[in-house]
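Protein chains in written order, with our numbering: chain A, 1 to 175; chain B, 176 to 350.
Glycine is no exception: its CB is placed at the ideal position from the N, C-alpha and C atoms.
Since the structure is predicted, the reported quantities are computational estimates derived from the model, not experimental observations.
Protein chains: 2
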Amino acid sequence: MARHDEVLIALRQIIRATDLYSRKLSKVAGLTAPQLLILQAIASQGEMTMGDIATEVSVSQATVTTILDRLEKRGLIERKRGERDKRRVYAYLTDAGRDIMERAPTPLQDEFMSRFSRLEDWEQSLILSSLQRVAAMMNAGDIDASPVLDLGAIDRIQPAAGRRRTDSSFETDQK
Amino acid sequence: MARHDEVLIALRQIIRATDLYSRKLSKVAGLTAPQLLILQAIASQGEMTMGDIATEVSVSQATVTTILDRLEKRGLIERKRGERDKRRVYAYLTDAGRDIMERAPTPLQDEFMSRFSRLEDWEQSLILSSLQRVAAMMNAGDIDASPVLDLGAIDRIQPAAGRRRTDSSFETDQK
DNA sequence: GGAAACTATTTTGACATCTAAATATTATAT
DNA sequence: ATATAATATTTAGATGTCAAAATAGTTTCC
């Protein structure tokens, strides 16, 4: 099997394991991994705007909004509109939020954590730097995303079954 | 910053980059990464059941069902109920499916791929084996963890000595 | 032959996630 | 001061994803 296929498989397994752990966390601690990460970020800063959080935990702002909606509904955080600049919205932990966050497990598999920490120092840094390299190689492409690609294939995509394009990968259409 | 926090950050960046690429793929080629992976799996086998596909690409059966629903709606695959065993449902590529699949890019960032392939051989294998180790360390947890939860799955997990199944803890050994 | 046990798939209900568009507000330039 | 550009958040619409429950079909065993 080709190297890159093996890389792909390993990556998918890592992604899946992370997701499965998040669900387990949710059952055991009542918080998913992203929820916990966001709570931790807020706890460490005191107050944060959506944008701050998005940058900090590497997700889009829209995602932060929906996660905060759930956390707010459960009374774990509060939102407050900025006074100086009313476009901003600051998130704070409530006591309940601080409480649950402090007793929750880590957002990374505990099994993984303990295994990882048992490795020799050089092994840890080898793994870390490999991950960072992969991340860097992947993000590099984003920076100068090519706007121009051959879209010939796209026009042919939905010939079958006719009208219903649930997909909408193309231009606007209701005029 | 602690090592494991850095690991966590790198992982989230990788996960996000993978997701973003999938969306870009969807715009450019009309297929998301999982859709493409599933199409490729079917193409290589000729016909597959949901369970086969789930095992092959490392996702749950329910996920396969929803993805195939979309592919079927677009006329890229067809389902056919098994004749011998009517519980089974086989998925086949249509001509349109074969066509689009063949002209689609790889399911891994091309940017990443080309950078990766430009690395020295030893570097590639270092990175690959780091990823595999991380995957293994994460999946290991699945097997013997889950203390509090009632799991019917547990009885199906035989106390394997050395052999590690890198995938989900409870794949049915269909064969 | 029929009930119990097992196997395969689909459905249901939640989350996380993104982009693009819609809103709301602030800052800037004419 | 007013229109326009820039910034911050939310809403809308799509996927992907899973566990658990519901369905459907097969096997086994008395």
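Under the DSSP assignment, Val28/A falls in the alpha helix (DSSP H) whose first and last residues are Arg3 to Ala29. About 6 Å separates the CB atoms of Leu251/B and Ile275/B; that is less than 8 Å, so the two are in contact. Rounded to the nearest angstrom, the gap between the Cα atoms of Ala91/A and Glu78/A is 6 Å. Taken through DSSP and simplified to helix, strand or coil, Val232/B comes out as helix.
Thr193/B sits buried, since 16 or more C-beta atoms from the chains shown fall within 10 Å of its C-beta.
Three or more Cβ pairs drawn from the stretch 92 to 111 of chain A and the stretch 29 to 39 of chain A lie within less than 8 Å of each other, which places the two stretches in contact.
For Thr55/A, there are no neighbours in chain B by C-beta distance under 9 Å, as the nearest C-beta there is about 12 Å away. Residue pairing by DSSP places Glu253/B opposite Tyr267/B in a beta bridge.
Per DSSP, Gln284/B is not a residue of any alpha helix (DSSP H), being assigned neither H nor E. About 5 Å separates the beta carbons of Ile42/A and Leu93/A, which is inside the 8 Å limit, making them a contact pair.
Separation of Ala96/A and Arg187/B (C-alpha to C-alpha, rounded to the nearest whole angstrom) is 27 Å. Counting of Cβ neighbours within 10 angstroms places Gln45/A among the exposed residues, the total staying below 16.
Going by DSSP, Leu37/A is part of the alpha helix (DSSP H) stretching over Ala33 to Gln45. Taking all protein chains in view, the Cβ of Lys27/A is surrounded by fewer than 16 other Cβ atoms within 10 Å, so the residue is classified as exposed. Any Cβ of chain A closer than 7 Å to the Cβ of Val264/B would place that residue at the interface, and such an atom is absent.
Contacts with chain B at 7 Å (Cβ-Cβ) do not include Arg81/A. Looking at the DSSP output, Thr224/B bridges to Tyr265/B. Gln299/B is a Cβ neighbour of Arg3/A, given a cutoff of 7 Å. Rounded to the nearest whole angstrom, the CA to CA distance from Met223/B to Gly51/A is 44 Å. Within 8 Å of the CB of Ile302/B, the CB atoms of chain A belong to Val7, Ser130, Arg133 and Val134, in sequence order along the chain.
Against chain A, a Cβ distance below 9 Å from Ile242/B picks out nothing, because the smallest value is about 13 Å. With at least 16 other beta carbons inside 10 angstroms of its own, Lys199/B counts as buried. Contact with chain A is absent for Ala208/B, since none of that chain's Cβ atoms lies less than 7 Å from the residue's Cβ. Nearest neighbour of Phe112/A by Cα position, chosen from Val264/B, Met313/B, Glu277/B and Leu303/B, turns out to be Met313/B.
Between the alpha carbons of Val59/A and Lys248/B lies a distance of about 31 Å. Shown here, Arg259/B sits in coil according to DSSP, grouped into three states, outside any helix or strand.
For Glu298/B, the secondary structure class from DSSP, reduced to helix, strand or coil, is helix. In terms of beta-carbon proximity, Ala2/A stays away from the interface with chain B, with every pair separated by 7 Å or more. With a 10 Å radius around the Cβ and a threshold of 16 neighbouring Cβ atoms, Arg103/A comes out exposed. In terms of Cβ geometry, Ile184/B and Val134/A do not form a close pair [threshold 7 Å]. Interface residue (Cβ-Cβ distance to chain A less than 7 Å): Glu295/B is not classified as such. Burial is judged here by how many other beta carbons sit within 10 angstroms of a residue's own beta carbon; Gly205/B has at least 16 and is buried.
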